[in-house]
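One structure is given below, encoded as structure tokens.
Protein chains: 2
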Amino acid sequence: MVLVVRGELRLTPGKVAVQVAHAAVMLSELAAKRPSSGYETWRAEGQKKIALIAANLGEMETLQRAARAKGLATVFVEDAGLTEVPPGTRTVLGIGPGPSEIVDSVTGQLALL
Amino acid sequence: MVLVVRGELRLTPGKVAVQVAHAAVMLSELAAKRPSSGYETWRAEGQKKIALIAANLGEMETLQRAARAKGLATVFVEDAGLTEVPPGTRTVLGIGPGPSEIVDSVTGQLALL
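Those protein sequence lines, which keep their order, are chains H and V.
Going left to right, the first sequence walks through residues 7 to 119 as my numbering numbers them.
Going left to right, the second sequence walks through residues 7 to 119 as my numbering numbers them.
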């Protein structure tokens, strides 16, 4: 599972952590409902999660299309906007879980958060 | 749901985000299995998550005991230790979800991450 943070928003570390956690919970719930998602394998292998950073929303939308084209689940976290950003702002793109080689083929060029 | 980060480890923001996400997924899975956990209410209200910081492991263990005494679910994330900390290091304490007034009575004195 990869969590891609929207760099241009310059969120605080605490805000980033919560947004990443939202994405992880949403993806886990999605995966648990889909028999072909590899959820059990992902859990058995320690629920691997990687946090990466993208420059902006456009880059994240391109990543989402690429992930979907490879059959990976994706979610966008939309912030309730009570603190640092306007309501509905997209903050984190979650991708996966899935086989490392497929996930890496989509997100392998991004920097670690 | 409250995620309490262990300040003394001085983890990088990316590492913190992933550890917080581990705790959130673990607690969500626990809560989904317990009919009395308030999981559905928590979900319906937007899966509220708050990231806080504690000074050290001793403070987190005290918080865990206090949370358990009030009937709240807790989890400790133990890092696999491949990068910043030795294997088995406890990095984040997750508490909840639960009624705000009960969660706040345990963690209300901690600083935001």
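Cβ atoms here follow ideal geometry from the backbone N, Cα and C, with glycine treated the same way.
Is the Cβ of V:Gly13 closer than 8 Å to any Cβ of chain H?
-> no
Check each candidate in V:Asp85, V:Val26, V:Ala50 and V:Glu14 and name the one with the smallest Cα separation from V:Gly100.
-> V:Val26
Within this structure, are the beta carbons of V:Ile59 and V:Val11 separated by less than 8 Å?
-> yes
Would you say V:Pro19 faces chain H, with C-beta separation under 8 Å as the test?
-> yes
Candidates V:Gly77, V:Glu84, V:Pro41 and V:Arg96: which alpha carbon is nearest V:Asn62's?
-> V:Arg96
Three-pair Cβ contact test at 8 Å for the segment 31-42 of chain H versus the segment 34-46 of chain V = yes
V:Lys55 versus chain H: which residues are under 7 Å apart at the beta carbon?
-> Val24, Ala27 and His28
For V:Pro105, which option in V:Leu17, V:Pro19, V:Gln115 and V:Arg49 has the closest C-alpha, if you only look at C-alpha atoms?
-> V:Arg49
Looking at V:Ala86 and H:Gly4, is the spacing between their C-beta atoms short of 8 Å?
-> Limits of chain H in this structure are 7 at one end and 119 at the other, which puts residue 4 of chain H out of reach.
Who are the neighbours of H:Leu9 on chain V, taking C-beta pairs under 9 Å?
-> Ala23, Val24 and Ala27
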